[in-house]
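Trainee:
Residue numbers (the numbering used here): 4 to 641.
1. I'd like the span of the alpha helix (DSSP H) that includes residue 152, first residue to last.
2. Whole angstroms is fine: what's the gap from residue 641's alpha carbon to residue 581's?
3. Give the straight-line distance between the Cα atoms of residue 201 and residue 153, rounded to the nearest whole angstrom.
4. Where does residue 66 sit, in a helix, a strand or coil, going by DSSP?
5. Quick check on the burial criterion: 16 or more other C-beta atoms within 10 angstroms. Buried or exposed for residue 558?
6. So, with DSSP's three-state summary, where would you put residue 530?
7. Put residue 468 into one of helix, strand or coil per three-state DSSP.
8. Determine whether the beta carbon atoms of residue 220 and residue 251 lie at a separation below 9 Å.
9. Contact defined as beta carbons within less than 8 Å: I believe residue 320 pairs with residue 346. What is the distance between those atoms, to the nearest angstrom?
10. What are the boundary residues of the alpha helix (DSSP H) that residue 199 is part of?
11. Answer with yes or no whether the minimum CB distance from residue 350 to chain C is below 9 Å.
12. Excluding sequence positions up to five away, which residues of its chain have a Cβ less than 8 Å from the Cβ of residue 317?
13. Rank 520, 508, 553 by C-alpha distance to the C-alpha of residue 531 and give the top, closest one.
14. If I measure Cβ to Cβ from residue 412 and keep anything under 7 Å in the same chain, skipping five residues before and after, which residues do I get?
15. Which term fits residue 628, buried or exposed, when burial requires 16 or more other beta carbons within 10 angstroms of its beta carbon?
16. Would the region 119-127 count as touching the region 99-111 if we require 3 or more Cβ pairs under 8 Å?
17. How about residue 331 and residue 353: are their beta carbons less than 9 Å apart?
18. Excluding the 5 residues flanking residue 593 on each side, which residues of the same chain have their C-beta closer than 7 Å to its C-beta?
19. Going by beta carbon distance, what residues of the same chain come within less than 6 Å of residue 486, once the five residues before and after it are set aside?
20. Identify which residue in 339, 272, 632 has its Cα closest to the Cα of residue 258.
21. Since residue 595 and residue 585 should fall inside the 8 Å C-beta cutoff, what is the C-beta to C-beta distance between them, to a whole number of angstroms?
22. Taking 7 Å as the limit between beta carbons, can you name the residues of its chain near residue 40, skipping five residues before and five after?
23. Does the beta-carbon of residue 196, which I'm using as the reference point, lie nearer than 8 Å to any heavy atom of the ligand PLP?
24. With DSSP run on the structure shown, which of helix, strand or coil describes residue 401?
25. Measure the beta-carbon distance from residue 360 to residue 376 and round it to whole angstroms, keeping in mind my assumption that it falls under 8 Å.
26. Please state the DSSP three-state secondary structure of residue 502.
27. Is it right to say residue 87 is buried, meaning 16 or more other beta carbons lie within 10 angstroms of its own, or is it exposed?
28. Please confirm whether residue 453 and residue 415 have their CB atoms less than 9 Å apart.
29. Tell me the start and end of each unbroken alpha helix (DSSP H) in the region 529-582 that is at least 4 residues and wholly inside, in chain order.
30. In terms of residues, what are the limits of the alpha helix (DSSP H) holding residue 621?
31. What's the C-alpha gap between residue 611 and residue 566?
32. On the DSSP letters alone, give me the boundaries of the alpha helix (DSSP H) that residue 598 sits inside.
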């Protein structure tokens, strides 16, 4: 009002001052009208256009504000007008034109820091453009602290640790130390594997900001990398106390606890964090997977690793390898194989993954591939420990490569002297190799380690018989029967041993007593039938053989012996039927074919009998019983 009275009503300066006063009072509409009146009196005044543009921005009238800025610039306004117009263009959604405006003004005015800052803000969602603008800004303003700090942070994200550290050292030289910069330097030095230097920087950050959870977390992480685990746990516990909601501090503390063997607490920390918020990286899930795996919670570990692999990150092959090993434990062999193969494409020199791959192949029946994978693991330096010896032994057993299997079973037995299953398996392999002495020694060690072991007792007795120690074998089985009186197989073995040693008379009472308890044991019925046959109890022998074959028609010895019994009783047709069944199911049974030929002869079918004998001698001329066949053939030809 004072201006209205003092200044001339047609003065542009008066209207300008009035517009500024009204604007200051918040009367933006009236201020805009006053600025318009001033411009009618001074239409080429850039300062007035700029004033009106600023008023229009505050009124929210961005299109008119842009027009006013353009007029101001056309009238020669300073670069600030171009900068403000670019900002308004960005506010109105035209970020592309805003960037063009900034580029033009900064070419002419490279020291305009506010322009560079705005341009960086405009391209924050375009990493490539942001990198280009930031580099330009630092060429124009090489000592700008904020730009140096921003570029260093970007380089750290790209794992370009050396150039990042160079920028941070330039920043340090500018003075004004900040905890944020020390943290960035610590990260850069860690990336360069300069852990002592990283520790110094982290300690400086804590000194500059003792109440900063970020600073304490950085210190804890460096201590963790240095394997100063208790100190790391202390620092990370302090970081979490300062910022309880920080997922990164909780994850790092969980990692430290896991390294100290406190896997349960590590899992608890991550579980509680995940209930509160969803992580933005794979880290928490990876730590959780490691904790679950150490706790042998394999299904949980598999799920955690799978969640981690939903993110894209450097080193995902290692995590996929861990998931593959866990899936192997879960007997999900096909999925494990897929994971391990993918992981080895990224880390082909990892022997543990090759070992797991070998196990997966083996479980899927691809034995040769499994063996090759295990051998590759050893080539890469994997220690052939107990587990590896077991894996090799298993593969060689399944490949029926008995000598190699024995070598690895011996190694396991040396590492675990009381491992009964391994000693028993070693004994069985020795039996296949015909080494009864070593087999007996292994079985005896197993029995000494576990006197109640039925497998060990049976093996010891079997080897003793093979070595001609019948009485020792019977004693071994008697001792086992005292511990396992209901284990009828032990009694059957005694009967078998006696019968094979032609001591059916000693076996007879054992067989009678046993068959009273277990009347349906076909094997023992066959043994007793043989004894009865040899003692001329033909009715008893026939009854036992008939019952044995009713229980199990596939017992070739029972049918063979019954054919012999039929011959003894001149029932040649019945004998031929039994002999024919045996040779049909066992076409390489030399003695069965000889019996068949003999019965043909008894039936008067001498030509067929002779042809059978000739065929048999052609097929197996060196058989131990071949001379009996030749004798039969000579009789048939007379």
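Beta carbons are placed, not taken as given, at the ideal position from N, Cα and C, and that holds for glycine.
Mentor: According to the structure data:
1. 148-160
2. 27 Å
3. 20 Å
4. helix
5. buried
6. helix
7. helix
8. yes
9. 5 Å
10. 198-211
11. You won't find chain C in this structure, because it holds only one protein chain.
12. 162
13. 508
14. 396, 425, 428, 429, 432
15. exposed
16. yes
17. no
18. 619, 623, 626, 628
19. 455
20. 272
21. 4 Å
22. 18
23. In the structure shown, the ligand PLP is absent, as is every other ligand, since no ligand is present at all.
24. helix
25. 4 Å
26. helix
27. buried
28. no
29. 541-554, 559-571
30. 609-622
31. 18 Å
32. 593-605
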